[in-house]
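The block underneath contains the structure these notes are about, expressed in structure tokens.
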Amino acid sequence: MSDSATSAQVEPSSGAAQQYGAPVWFDGIVLVSAAGLVSFGLVALALAALGWYSLPLVLLLGILVWVAMATVLLRWMRADTQQPAERAQRWGAGAALLLVAAGLFWFTFQPSQHLLVGRDSGVYVTTAIWISNEGGLVDSSVSEAFHGTEGLDFKSPGAYFVDGRLEFQFNHFTSAVGAVAFGLGGQRALFRVTGLVAALGLLAAYSVAVRLTRRPLLSLLVPMVIGVSLPLVVLARDMYSEPYLLLVLWSMVLLLDRLWMRSNRSAALVAGIFAGALLAIRVESVLYLTALAALVAFVARKGRPDLRALLPIFVLGAVPGVVLGLIDFFNFTGGYPEITGAEVRLAAVLFITVAILAPLALWAWDHLPKLAEAFTQRRSFFGWVFAASTATLLFFMWLVRPRLDPDRVSTQRWGVMGPIQISEGDVVDLFRTYYEQSVNWVAWYVGPALVVLSILGLAVMIRQLVTGKLGAAGTLVLAMFWTGGIAYLLNPGITPDQLWATRRLVPVVLVVFLFGSVVMVGLILDALEGRAALQRLVGGIAAVVLLVPAVLTTSPIALLTEQPTMFGLVDSSCEMIGDKAAVLVVGGLASDTLPLALRSMCRVPVAELKTTDPARAVANVRKLRDRLALAGTSLAIVSLDNADLERFAELSGEQVRQTVTASNSREYRHTLSSAPDRYLSGDETFFLPREIAISVLLVG
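Residue numbers (this note's numbering): 11 to 710.
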């Protein structure tokens, strides 16, 4: 088998199967790795939700679940009677491993240490440390140390004070994995685990690309381009949920494609567990379950008997992750459901609608034979119609939508946008979403040529689907794109500054655009069959066209990182505070960023002093100091600015102590109308100052 593409659907078999993807051992690495992530993540999350988290228990149960899942997968895959992998497949798999190993170093040699909460990653990191240290998802004793003290606030960005307990924002699967990493390898592992997951996600994307295009060498462009693109780099060097989605989602697609080729009940259970884990990672992943609902309906109505027998097992496997994800979301994330309620409700309505309409549509198809016959006879025509419609829609979203009226919201939502708009010389408009630029968000980072090839490739895949020539992998890719992908292109639901906003597009949109581009290049190479020299020339040009724009966009800020030495800084402040203290945080910037970090790392009660009257603030602190002293507890006041502590100097016989200064010289310029192209310089700041020190005053 040569490194060539084919549009013909590979016929499934219950026994022998044609070897057309990556070698079995390579897919085994991907699936076993994803199984490990899902096993430890779900076990750790479940134990944390119960308040029973401990590293030994997580390791014991996680290893048992992982070994069970890995045994199922490896036995099933080892039993394949496939033809041996040919040279292109072996070379492609080996090259992919080397590329991803380089990517792992690229992501992790100097990761972010995002402890001060300015963005979501700071919440994920501090929650991971909290879970590891305290064993649960809530702080039920947060207010006890400060009982009866006026002018205090216990909530802070990323944490909600609900019914006397503190709850941490966002689904907690990512933080649960971070807790395991922190327990095993301390801060070095904590800040690198997401980079490892991202690298494994690139392997999963490669495996799917090979099964989609039948071109092992050309498919190497998928992990290469994504791996050097700024959107993934910034995620992989920090802690965000999207790399976890990347690995689990495309591993699930790989597994489902293999199940289409050769069904197996136990493997179907594992596939269901992967599907359920998506909802535990991010509750909005119900969008991807919507795609699966449509495919389940199709298999139930028209699938082979062996596949229909797998459906109950697949659904059963999804139940633990779905239930755990929903319990976590509604019971342990504070006010987060209110913030994302409209988005989640819309996704749930879409899921229910598809789950109802898909089987009804299939039933109607079977009972309208004339309609079915007319469509079948004109399948090629309808294939062109749907392909042209797809290309028209995507080109419209890219080229026309940005020239229409800007996308807006009815209330001011984006407080961070004003300074960016001013720096770019734009009109300050805090009601804009910039969502009309969503396709451009991709083009800025990987180049317009790739977007053109992607749109054409996706149109070709739609035609193949309509004409019955698209395999299971391609069908799954389109299903994911037309649910989660299109939804996030239409409404990313995120503050639109770059690179922050692009995180929504990484797991599906960016990956599928790469899939579409290599499909299109593969078709061009097919048209040149028999002219090997010309094929090599065109393939080389395609590699340059796809890879170089991403490299050029990344290179000016290739070493970007957030808060690169912050762990040592917070750890030093904890030593100053001591382990038998209560902490008051003062100052606006400190109150927005420090509470979660101090609470998780110092393992002491933390509150924000909100009183605006200086005299009343001092009086309240004096009373608190005296009351704590009777209980043998000291009081520390903490800020990011010494001036915030001056008014409390009369309460202490000690001088203000300050940590060394941490410098973030490689923070990138935040933008709205283009990709970031340089680091901040001079007096420029975005959210935090680039020179940070923590000040501590012990008052008792």
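Glycine residues also receive a C-beta, built at the ideal position from the N, C-alpha and C atoms. Every value quoted in this text rests on a predicted model; they were computed, and no experiment measured them.
Check, Outcome
"Span of the beta strand (DSSP E), counted from its first residue to its last, around A646", "S644 to S649"
"7 Å Cβ shell around G205 - same chain, five flanking residues per side excluded", "L114, F117, T118, P121, A246 and R247"
"CA-to-CA distance, V616 to L488, given in whole angstroms", "48 Å"
"W62, buried or exposed, once every other Cβ within 10 Å from all chains shown has been counted against 16", "exposed"
"First and last residue of the uninterrupted alpha helix (DSSP H) at F722", "The question about residue 722 has no answer here: the residues shown for the chain are numbered 11 through 710."
"Cβ distance (whole Å) where N652 is taken to contact S705 below 8 Å", "5 Å"
"Beta-carbon proximity list for F156, same chain, < 6 Å, skipping 5 on both sides", "L162 and A617"
"Start and end residues, alpha helix (DSSP H) containing Y455", "S448 to V456"
"Given 8 Å, three or more beta-carbon pairs between the segment 368–381 and the segment 190–204", "no"
"Distance between L212 and G188 (C-alpha atoms, nearest Å)", "20 Å"
"Beta-carbon proximity check, G168 vs V127, cutoff 7 Å", "yes"
"Validate contact between the segment 32–45 and the segment 75–92 using beta carbons, cut 8 Å, 3 pairs", "yes"
"Candidates G331, L147, A301 and A310: closest to P322 by CA position", "A310"
"Same chain, Cβ closer than 7 Å to F577, five either side skipped, listed in chain order", "Q123, L125 and Q197"
"Nearest-angstrom beta carbon gap, L594 and L645 [assumed within contact, 8 Å]", "7 Å"
"Distance, L70 Cα to L608 Cα", "30 Å"
"Per-residue burial, E677 [other beta carbons within 10 Å of its own, 16 or more giving buried]", "buried"
"Simplified DSSP assignment, three categories, for G435", "coil"
"The alpha helix (DSSP H) enclosing L125, as first and last residue numbers", "Segment: none, L125 is in no alpha helix (DSSP H) and carries neither H nor E."
"Anticipated Cβ contact below 8 Å, G225 with V528, distance rounded", "According to the sequence as given, residue 225 is Arg; it is not Gly. Yes, they are in contact, since the Cβ atoms of R225 and V528 sit about 7 Å apart, within 8 Å."
"8 Å Cβ shell around A54 - same chain, five flanking residues per side excluded", "Y63, V68, G72, I141, A186, V187, A189 and V190"
"Status (buried if at least 16 other CB within 10 Å, exposed otherwise) for P686", "buried"
"Environment of T493 [buried if 16+ CB atoms lie within 10 Å]", "buried"
"Nearest residue (CA-CA) to F396, options G327, Q474, A384 and T343", "Q474"
"Q179 in three-state terms, based on DSSP", "coil"
"Cβ neighbour criterion (16 or more within 10 Å) applied to P315", "exposed"
"Residues near L230 by beta carbon distance below 8 Å, same chain, minus five either side", "G102, A105, A106, L109 and Y216"
"Nearest-angstrom Cα separation, counted from F525 out to A538", "In the sequence on display, residue 538 carries Leu and not Ala. In a straight line, the C-alpha of L538 is about 20 Å away from that of F525."
"Residues of its chain near S24, where Cβ-Cβ distance is below 8 Å and the 5 sequence neighbours each way are ignored", "Interpretation of S24 is limited by its pLDDT of 39, a score under 50 that renders its predicted location unreliable; the figure taken from the coordinates is listed afterwards. Excluding residues within five positions, the ones whose Cβ falls inside 8 Å are R272, S273 and D316."
"Complete runs of the alpha helix (DSSP H) confined to the segment 474–552 [at least 4 residues]", "482–490, 496–500 and 521–537"
"Residues near T671 in its chain [Cβ-Cβ closer than 6 Å; skip 5 each side]", "E701 and A703"
"Touch test, the segment 419–428 against the segment 384–402, Cβ-Cβ under 8 Å, three pairs minimum", "no"
"Rounded C-alpha distance that separates R442 from L509", "17 Å"
"Helix, strand or coil at D163 [DSSP, three-state]", "strand"
"Cβ-based burial, I236 [other Cβ within 10 Å; buried from 16]", "buried"
"C-alpha distance - L147 paired with P566, whole-angstrom precision", "40 Å"
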